[in-house]
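Here is the structure we will look at.
Number of protein chains: 2
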Amino acid sequence: MSTTLDKLKSKLYDVNAIVAAITIMDWDQQTYMPKGGAEARAEHVGILSRMAHELFTSDELGTLLSQALKEVDPATDEGAMVRVTQRDFELRTKIPSSLVEEKSKLSAEAHERWVEARAHNDFQSFAPILERMFEIARQEAEHLGYTDHIYDALLDQYEEGATADDCVRMFETLKANTVTLVRNIQENGEPIDDRVLYGNWPEHKQRHFTEVLLHDIGFDLDRGRQDTAPHPFCTGWSIGDIRLTTRFKDYLGSAIFGSLHEAGHGMYEQGSPMAWDRSPLAGGVSLGIHESQSRLWENIVGRSRAFWSRYLPPLQAEFHELQAFDLDQFYRMINKVEPSLIRVEADEVTYNLHVLVRFEIECDVLTGALAVKDMPEAWNAKYKEYLGIDVPNDANGCLQDVHWSMGSIGYFPTYSMGNLLSYQFWTVLQKDLGDTDAMIAAGNFEPILDWLRTHIYSKGRKFTPKELVLDVTGKTITADDYAAGLNAKYREIYRI
Amino acid sequence: MSTTLDKLKSKLYDVNAIVAAITIMDWDQQTYMPKGGAEARAEHVGILSRMAHELFTSDELGTLLSQALKEVDPATDEGAMVRVTQRDFELRTKIPSSLVEEKSKLSAEAHERWVEARAHNDFQSFAPILERMFEIARQEAEHLGYTDHIYDALLDQYEEGATADDCVRMFETLKANTVTLVRNIQENGEPIDDRVLYGNWPEHKQRHFTEVLLHDIGFDLDRGRQDTAPHPFCTGWSIGDIRLTTRFKDYLGSAIFGSLHEAGHGMYEQGSPMAWDRSPLAGGVSLGIHESQSRLWENIVGRSRAFWSRYLPPLQAEFHELQAFDLDQFYRMINKVEPSLIRVEADEVTYNLHVLVRFEIECDVLTGALAVKDMPEAWNAKYKEYLGIDVPNDANGCLQDVHWSMGSIGYFPTYSMGNLLSYQFWTVLQKDLGDTDAMIAAGNFEPILDWLRTHIYSKGRKFTPKELVLDVTGKTITADDYAAGLNAKYREIYRI
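Chains A and B are the protein sequences, given in the same order. All the letters of the first sequence, read from the start, carry residue numbers 1 to 496 under our numbering. All the letters of the second sequence, read from the start, carry residue numbers 1001 to 1496 under our numbering.
Right, dumping it as structure tokens:
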């Protein structure tokens, strides 16, 4: 029995080594690589990706996997490892290579067309290729298989077991609560002036301040580091080597909340058991659970009054412009709500409404209820309805995201799942730990991190995301905790 | 015909991609990797090294290579590519895997023993394992094959075609000239006081100054970069992506001459034709030729009076402590000659005497004329004879270098070859270009770099090192130019 498993593990370590190489090359490309390195980097990554794919989808590995599935006890760690490997194997082998290749070629072309279309604010020039991309997504869904809704097959790639029905349920609650809350804030809320947060902040001071935050909340800088990149991200190739990036902009919150967000991802990755290093069990279990951790540290901890009761004085010591403002003013500024056109710039309250628009449109196009050419009209109507704003053009409307041009259809809801789950987990955490505000205000993050490590991080990929959520919170994903949390927080902030 | 060659090239690109991955992992380990990443890094590099070795020494590649050897015209670039691939293939396949494995295991153990022995100044505890390492080297030499001297087979691995006889000839001239020059300097030279070069120099100022130098001499920072590492090195994975490192120490020359040295290696690598990128023809042809370029830029250009006539004023502007000294004083300081115990800290004049000691000892141990256990005695006697100094202990004597513990026997002479060749190439360059001092003093390095590109860098690995030296200088490697250059330079500096 051990022979099959040992052989399988050994093959998986090989695949992991190549994937680690690709990942470090990608990290380097976004942080330190000189521009002259781009051409060879693309070739190297292309070759290594082919090797990893060939090795992982080989008949030899497939045979070992089938044998192992029969031999191991599913309740053990090794059983779980075989199960997640089987899932990864199926995701990579169920879709025929011809379709994978077609999608890969179309993506390259679609990405260029999308960049042009956005630059020229010309959705119709992009529509035909986007139509083909949705058609490929439909075919992928058929190959992957589903029971109820075509969307389920696509979403499952990013969030195992999640369904369109889950999304409909969660967005129903979200829509009911958030649309009203946003209207209330706009109509009756006491306005917030956050102009002081925009300035010319010295980079080395921002870097130093964010590194203090990383250290304090518990991101282990002996097992990771933070560098600078145009777009913040978290990556890694070992539980002992997790890399974050942040960026320094004129908005002071950009680096601070970017760092806290990525550190949330990073601490999740650092929290896998070392015995699982380089194996399929290490790391985060799904995009939604991952995002719940980045959002928890960014928003629930990092945008709390307690947090800034501790960190506003040192921030003011570094950035004198802030000394004219007290804790209450600062707390309101970093939680300003304002319906806007662009998802990636959205605040915590309006963010999910952006996602809702995309989810509904994806469903309608996939089922044929909406033609791609009519997408702008549908998009703009929904922005008017949910966010109360007029979309002036498609560049700032339905052309703003890169996802569809890459064929990532069914991906968006995981952002909202992360938001909901951050509050859903936090509600339980708070019940268990008691006065978290006092801990945060004292800079005592260890009990919080410990709780998350015990209940989430140390589980790695051992359970499915649905099992994990049920196990930790006693219920399936829900918008209730999120809606309650947001209402309490923002009604107080906006005095409504 | 094109099919064989295309298949071969494609296989070589695959090997190159894995080697690039290993190289970037190694660069990262020495520059940015947090300590927690070490364990997984060793595993990843181990796995990738095995993959690269298996792919490169596969029967499939061997067959393609034999066919290609018959099909391509040796006078063409493709013929040269096949020739160097054949050489690399033989170096990796002639030695049986069992011996490779034995050496690999012994190296790991020997390295640890060496570290301990050096720490406890206890050569005899290291002697038995070193004896085994020399025995493995003897066996390697037999597998690789040689005509005249067992040393030839070992040296050839690092410097194609170079022989013990070449070394004997070059060291004869060197010894005759250098030993006398060093004695003369010690007995009759006007002493040099360089204490001002040791201080607490701010790192960011050192970094900035070295980056200006890199830019000015022509290291292309769009196709490379400089980072910090404990030991300076140059590496790369594409002609468009060459990485240097430097270090910042209390000796101001450490960063400056370290950067110039590595930039010499780097500009050589950057100078390969882009069409050869990722192929076996790109890069430096041998360790000796590579070292000739680092030494040329470090010593001949970088330690010249002309160079500092341009760069002393900006250096003084950064580091005020130097303002009390004029060009002549500064020039003498950075060229101070002092026989010392440690090779890596040796000046330009005494450096080769350190190498000579090692070369003679390697030969004697390999042929059985010297027993390993008697090495310290031989070492100390030679240091007394050639450098005029007493070795107080083995830690600072025959235990100082890492090379033998890794089984790198036959490597040392390439350092001296680099020194000799730097002057040998420079003599021709100067004849071709005329007043190089005027160019250097004007910061006009382009003609010098262009000459080196044309005659050396653009040749990559197309010719053997011996062919290249003969083609560029009209003669085989000789110590004449070096001895003449050093005598002229240092007799003037020491006023003897």
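The C-beta atom is built at its ideal place from N, Cα and C for all residues, glycine as well.
Interface flag, residue i vs chain B, CB-CB below 9 Å
| i | result |
| --- | --- |
| ILE477 (chain A) | no |
| HIS208 (chain A) | no |
| SER238 (chain A) | yes |
| GLU39 (chain A) | yes |
Rounded straight-line distance, which links the Cα of residue j to that of residue i
| i | j | result |
| --- | --- | --- |
| TYR1482 (chain B) | TYR1423 (chain B) | 5 Å |
| HIS192 (chain A) | TRP426 (chain A) | Sequence inspection shows Ile at residue 192 (chain A); the His mentioned does not correspond to that position. Going from the Cα of ILE192 (chain A) to the Cα of TRP426 (chain A) covers about 27 Å. |
| TYR1013 (chain B) | ALA1042 (chain B) | 24 Å |
| GLN1067 (chain B) | HIS1231 (chain B) | 43 Å |
| ASP1122 (chain B) | ILE1150 (chain B) | 29 Å |
| SER238 (chain A) | LEU1356 (chain B) | 45 Å |
| PRO1339 (chain B) | THR1350 (chain B) | 6 Å |
| CYS234 (chain A) | MET1274 (chain B) | 33 Å |
| ASP364 (chain A) | LEU370 (chain A) | 5 Å |
| GLN525 (chain A) | VAL344 (chain A) | Any property of residue 525 (chain A) remains undetermined from this structure, which presents chain A solely from 1 to 496. |
| MET51 (chain A) | ASP152 (chain A) | 30 Å |
| LYS11 (chain A) | GLU211 (chain A) | 38 Å |
| ASP166 (chain A) | PHE248 (chain A) | 37 Å |
| LEU468 (chain A) | VAL168 (chain A) | 21 Å |
| LYS1382 (chain B) | ARG1332 (chain B) | 28 Å |
| GLN1133 (chain B) | LEU1353 (chain B) | The sequence shown places Met at residue 1133 (chain B), not Gln. Approximately 24 Å between the Cα atoms of the pair. |
Distance CB(residue i)-CB(residue j) smaller than 9 Å
| i | j | result |
| --- | --- | --- |
| ARG1453 (chain B) | GLY1271 (chain B) | yes |
| THR1246 (chain B) | GLU1262 (chain B) | yes |
| ILE477 (chain A) | ALA229 (chain A) | no |
| ILE361 (chain A) | CYS398 (chain A) | yes |
| GLY253 (chain A) | SER294 (chain A) | no |
| LEU1174 (chain B) | SER1416 (chain B) | yes |
| LEU470 (chain A) | TRP451 (chain A) | no |
| LEU5 (chain A) | GLU78 (chain A) | yes |
Cβ shell of residue i (< 6 Å), same chain only, five flanking positions each side left out
| i | result |
| --- | --- |
| ALA1441 (chain B) | ALA1306, SER1309, ARG1310 |
| SER1107 (chain B) | MET1406, GLY1407 |
| MET1 (chain A) | Unreliable positioning characterises MET1 (chain A) in this predicted model, as indicated by a pLDDT of 47, which lies under 50. A coordinate reading is not provided. |
| GLU348 (chain A) | ASN299 |
| LEU1008 (chain B) | LEU1064, ALA1068 |
| THR1436 (chain B) | GLN1430 |
| ILE95 (chain A) | GLU140, HIS143 |
| THR1031 (chain B) | ASP1227, ALA1229 |
Proximal residues to residue i (C-beta, below 8 Å), its chain only, five neighbours per side dropped
| i | result |
| --- | --- |
| ALA137 (chain A) | LEU154, LEU366, GLY407, ILE409, GLY410 |
| MET1025 (chain B) | ARG1041, HIS1044, VAL1045, LEU1048 |
| ILE456 (chain A) | TYR268, GLY271, ILE289, GLN293, PHE425, LEU468, VAL472 |
| ARG1092 (chain B) | HIS1053, PHE1056, THR1057 |
is_contact[residue i, chain A] using C-beta, thresh 9 Å
| i | result |
| --- | --- |
| TYR1032 (chain B) | yes |
| GLU1262 (chain B) | no |
| LYS1035 (chain B) | yes |
| LEU1213 (chain B) | no |
| MET1170 (chain B) | no |
| GLY1224 (chain B) | yes |
| THR1044 (chain B) | Note that residue 1044 (chain B) is His in the sequence shown here, rather than Thr. Judged by the 9 Å Cβ criterion, HIS1044 (chain B) is in contact with chain A. |
| TYR1457 (chain B) | no |
| LEU1244 (chain B) | no |
Cβ neighbours of residue i in the same chain (closer than 7 Å, five flanking residues each side left out)
| i | result |
| --- | --- |
| ALA1395 (chain B) | ARG1118, ASN1121 |
| LEU1048 (chain B) | ILE1018, ALA1021, ILE1022 |
| ASP241 (chain A) | ARG223, GLY224 |
| ARG1278 (chain B) | TYR1013, ASN1016, SER1238 |
Residue i: CB within 8 Å of a non-hydrogen atom of the ligand ATP
| i | result |
| --- | --- |
| GLU1159 (chain B) | Annotation note on the ligand ATP: not contained in the displayed structure, which lists no ligands. |
Query raised in the report: Taking one C-beta from the segment 192-212 of chain A and one from the segment 362-378 of chain A each time, how about it: are there three or more such pairs within less than 8 Å?
Result: The segment 192-212 of chain A is not in contact with the segment 362-378 of chain A.
Query raised in the report: Below 8 Å, can you find three or more Cβ-Cβ pairs linking the segment 1153-1163 of chain B to the segment 1406-1414 of chain B?
Result: yes
Query raised in the report: Is there contact between the segment 47-64 of chain A and the segment 9-26 of chain A, where contact requires at least three CB pairs shorter than 8 Å?
Result: The segment 47-64 of chain A makes contact with the segment 9-26 of chain A; the number of CB pairs closer than 8 Å reaches 3 or more.
Query - Stretch pair the segment 130-147 of chain A + the segment 83-99 of chain A: three plus CB contacts closer than 8 Å - result: Touching, per the Cβ criterion.
Requested in this report: Count the CB pairs spanning the segment 309-323 of chain A and the segment 205-219 of chain A that are closer than 8 Å, and state whether there are at least three.
Outcome: yes
Report task. Take every Cβ of the segment 1240-1257 of chain B, pair it with every Cβ of the segment 1283-1303 of chain B, and state whether three or more of those distances are shorter than 8 Å. Result -> yes
**Report entry** Meets three-Cβ-pair contact criterion under 8 Å: the segment 73-93 of chain A and the segment 455-467 of chain A
**Finding:** yes
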